[in-house]
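In the working numbering, the protein residues as written are 33 to 490.
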Ligand code: PFF
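The following block contains the structure:
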């Protein structure tokens, strides 16, 4: 068996976990969501959810991982054999997410190349560049969008994971995350100073509580879980590489804070840019916004192509560090439980995920591939790509987070968890009272509500 990896430094751990959290969810999902759902009213609710419920689930996952110093399946087994299946479910979730995440990451890479080489290919016809060249809507097999770029993306991901926890993942995050912050701040300055920015900013800052209803709150909850990478054992795995001397409470708040800061900065950068260009922000879905609509904004503004390149590089860095964390979650399981080498596990798993992802990309326009879904509206046959996202966002991730909370709150017990959280008394866990209420009651109830909402039952 190979020697287990460990983070070399605490800041390395914080940046790697923040790297997992900061992803496509922050940069292309959050801004549109906040814009369409009441501006700062939504932001306020999102804040409360992240720091009360999100932080509770995150610290719970870290604690389970650090307690056992094992992969998610092994860590859960250490607490109670009967609950090992949550780890298995997490691995499956990671598998599905990375299958599509790696393909979207590939598309982002193609946009990086397009903008770095002048942007003319995108500007010539932004709709066709995405729908035909990448998704194959015109009937020509999209070799670049479905094969070449996603393959490069997953190969980079696998390469870093093969290098190991401190030598690969930690080192890369220590470079990419600070760079990401600098790029984001540049884009933010551009966003808030662009002509006509005040209109967009007003929209985002004005608290419109009339838009906030139960569905908006559920959407904020779902977004918080996805954005913080919760419910699939990834944070559990990352926590397992942390040594017992570090302060889990402080780390958790730092990571939640960094993730939220990136989402906000992205919102304040992108909404004014889109607004100034007259883009219909709420139309066309997240992919339509990031891959089609924004082209007109970059084409119109001074030095727009450079800012376009900057935006897609930012998106690429965010996506890579998230993809790495998902692959690491599955690789840790395969190496430790099935005794397969890290190299073979990472290479083998990523090839399979890449293969499934081809179907994801093709299902968007080129081929008629469907899944099956059951909710309060009855049986439906969504496009395969949507089916994969439904499976993870509406079912597997919330269910995983729910089971983590129930296991720790009710089976393992808050006292044992609190002992681990406090590093066995080294850092007094002052928030134990509130954590107890959160992990036993508030978080599980909130998650059950997200799930019922997702299935159209409430
Ligand atoms: N948090 C990532 C994002 O916001 O894009 C997505 C993600 C990464 C989800 C890792 C789950 C995960 F385990």
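Just so it is clear, CB atoms sit at the ideal spot from N, CA and C, and this is done for glycine as well.
- Annotation for residue 364 indicates a beta carbon at 7 angstroms or more from all heavy atoms of the ligand PFF.
- Ranked by Cα distance from residue 378, the first of 423, 359, 389 and 47 is 359.
- Taking 8 angstroms as the cut-off, the Cβ atoms of residue 69 and residue 295 do not count as close.
- In the displayed model, residue 454 falls within coil according to three-state DSSP, outside both helix and strand.
- Shortest gap from the CB of residue 356 to any heavy atom of the ligand PFF: 7 angstroms or more.
- Relative to the ligand PFF, the beta carbon of residue 323 is positioned no closer than 7 angstroms to any heavy atom.
- For residue 431, the enclosing alpha helix (DSSP H) starts and ends at 429 to 438.
- Relative to the ligand PFF, residue 253 has its C-beta separated by 7 angstroms or more from all heavy atoms.
- CA-to-CA, the gap between residue 71 and residue 312 works out to about 16 angstroms.
- Less than 8 angstroms divides the Cβ of residue 37 from the Cβ of residue 273.
- For residue 407, the beta-bridge partners assigned by DSSP are 410.
- Going by C-alpha positions, residue 289 is about 43 angstroms away from residue 170.
- Residue 453 is not a Cβ neighbour of residue 111, given a cutoff of 8 angstroms.
- Remark: the C-beta of residue 58 is in contact range of the ligand PFF, defined as less than 7 angstroms to any heavy atom.
- In the displayed model, residue 239 falls within a strand according to three-state DSSP.
- Given a length threshold of 4 residues, each whole run of the alpha helix (DSSP H) inside the segment 350 to 412 is given here in chain order: 374 to 397.
- Only residues of its own chain outside the window of five on either side were considered, and among them 405 have a CB closer than 7 angstroms to the CB of residue 412, listed in chain order.
- Taking residue 159 as the centre and dropping the five residues before and after it, the same chain places the C-beta of 324 closer than 7 angstroms to its C-beta, in chain order.
- In this structure, residue 120 has its beta carbon at no less than 7 angstroms from each heavy atom of the ligand PFF.
- The alpha carbon of residue 393 has as its nearest neighbour, out of 407, 373, 488 and 418, the alpha carbon of 418.
- A heavy atom of the ligand PFF is found nearer than 7 angstroms to the CB of residue 258.
- In the three-state reduction of the DSSP assignment, residue 265 falls in the coil class.
- Residue range 280 to 308 is occupied by the alpha helix (DSSP H) that includes residue 304.
- DSSP, reduced to helix, strand and coil, places residue 71 within a strand of the structure shown.
- Within the DSSP secondary-structure output, residue 415 pairs in a beta bridge with 402.
- 267 is the residue among 460, 428 and 267 whose C-alpha sits nearest the C-alpha of residue 98.
- Sorting 122, 83 and 47 by C-alpha distance to the C-alpha of residue 428 places 122 at the top.
- A buried status is given to residue 435, since no fewer than 16 other beta-carbon atoms sit within 10 Å of its beta-carbon.
- Assigned with DSSP and collapsed to three states, residue 444 falls in helix.
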